[in-house]
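**Q**
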Amino acid sequence: MTDVYLEDLHTGLSFTTATYTVSADDVKAFARQFDPQPFHLDEVAAAETFFGGLAASGWHTAAITMRLLVSSEMRPAHGFLGAGVEQLAWPRPVRPGDALRVHWEILETRPSRSRPTQGLARVRMTTLNQNDAPVQTMIASMVVPRRGEA
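Structure, rendered in structure tokens:
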């Protein structure tokens, strides 16, 4: 793992994580606990819904995205600390068997005006399936420590 500091980040820097394959059991287990709707829980019931089949909760997709980021080879020193989300969308459903990966790109960085030991990085994160189709898009701000200040 490489700890990344604000000084290591620049506009346009990008990284892609490893992949995670979603199973029907994963979809159902998450749904039972956090989003118990028919299209996340039961193939037969899901076939009669808007999705036309079993689909992962968008929040499950977000949780997988986070897991992939935290497990990646490049991560901010002290971890991924969110400062807010500007945009979050799920342009297509995640299905059992989908192999997801996250591509993230730095949009901008800036030192904090009030906390000299840290800064903010604005990041676009796109979660892609095995066909390179986006299943989640997000623009977020992260708190990143500054080198020598952390």
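In this text, residue positions in the sequence shown follow the working numbering: the first is 39, and each later residue adds one.
Just so it is clear, CB atoms sit at the ideal spot from N, CA and C, and this is done for glycine as well.
Assign D46 to one of three DSSP states: helix, strand, or coil.
**A** For the purposes of this step, residue 46 is taken as the residue at position 8 of the sequence shown. Residue state, collapsed to three classes: helix.
**Q** I'd like to know whether the C-beta atoms of M163 and V140 end up nearer to each other than 8 angstroms.
**A** Taking the first residue of the sequence shown as 1, we reach residue 163 at position 125. Taking the first residue of the sequence shown as 1, we reach residue 140 at position 102. Yes. Within cutoff.
**Q** Is the region 68-87 touching the region 145-161 in the sense that three or more CB pairs, one from each, lie closer than 8 angstroms?
**A** Contact fails: fewer than three Cβ-Cβ distances are below 8 angstroms.
**Q** Should D136 be labelled buried (16 or more other beta-carbon atoms within 10 Å of its own) or exposed?
**A** Against the sequence shown, residue 136 aligns to sequence position 98. Buried.
**Q** Going by DSSP, what residue range makes up the beta strand (DSSP E) through Q174?
**A** Taking the first residue of the sequence shown as position 1, residue 174 is located at position 136. Taken as a continuous stretch (DSSP letters only), the beta strand (DSSP E) holding Q174 covers P172 to P183.
**Q** Can you tell me which of the three DSSP states L107 falls into?
**A** Counting from one through the sequence shown, the residue named residue 107 turns up at place 69. Of the three classes helix, strand and coil, the one that applies to L107 here is helix, per DSSP.
**Q** Which one of G186, L138, A62 and D41 has the shortest CA to CA distance from N169?
**A** What you label residue 169 is simply residue 131 of the sequence shown in a count that begins at 1. Comparing Cα positions, the closest option is L138.
**Q** Name the DSSP beta bridge partners of A137, please?
**A** For the purposes of this step, residue 137 is taken as the residue at position 99 of the sequence shown. Beta-bridge pairing links A137 to T59.
**Q** Report yes if the CB atom of L92 is closer than 8 angstroms to the CB atom of A56, and no otherwise.
**A** Taking the sequence shown and counting its residues from 1, one reaches residue 92 at position 54. Taking the sequence shown and counting its residues from 1, one reaches residue 56 at position 18. No.
**Q** Using the DSSP secondary-structure output, state which residues sit across from T221 in a beta bridge.
**A** Residue 221 cannot be examined here, being either before or after the span of the chain that is shown, 39 to 188.
**Q** Return helix, strand or coil for R70, following the three-state DSSP convention.
**A** Here residue 70 corresponds to residue number 32 of the sequence shown, with the count starting at 1. DSSP places R70 in helix when its eight states are reduced to three.
**Q** With DSSP as the reference, identify every bridge partner of F196, one or two as the case may be.
**A** Shown here, the chain extends from 39 to 188; a query on residue 196 therefore has no answer.
**Q** Mark P154 as exposed unless 16 or more other C-beta atoms lie within 10 angstroms of its C-beta, in which case mark it buried.
**A** Residue numbering aside, residue 154 sits at position 116 when the sequence shown is read from its first letter. It is exposed - the Cβ of P154 has fewer than 16 other Cβ atoms within 10 Å.
**Q** At the level of alpha carbons, what is the spacing between L44 and P114?
**A** Residue 44 sits at position 6 when you count from the first residue of the sequence shown. Residue 114 sits at position 76 when you count from the first residue of the sequence shown. Approximately 8 angstroms between the Cα atoms of the pair.
**Q** For Q174 and G186, I'd like the C-alpha separation in whole angstroms.
**A** Reading the sequence shown from its first residue, position 136 is the one you call residue 174. Reading the sequence shown from its first residue, position 148 is the one you call residue 186. Cα to Cα, the separation comes out at about 35 angstroms.
**Q** Cutting at 6 angstroms between CB atoms, please list the residues of its own chain near R160, excluding the five before and the five after it.
**A** Counting from 1 along the sequence shown, the entry for residue 160 is found at position 122. Closer than 6 angstroms at the Cβ level, and outside the excluded window around R160, lie L145, E146 and S179.
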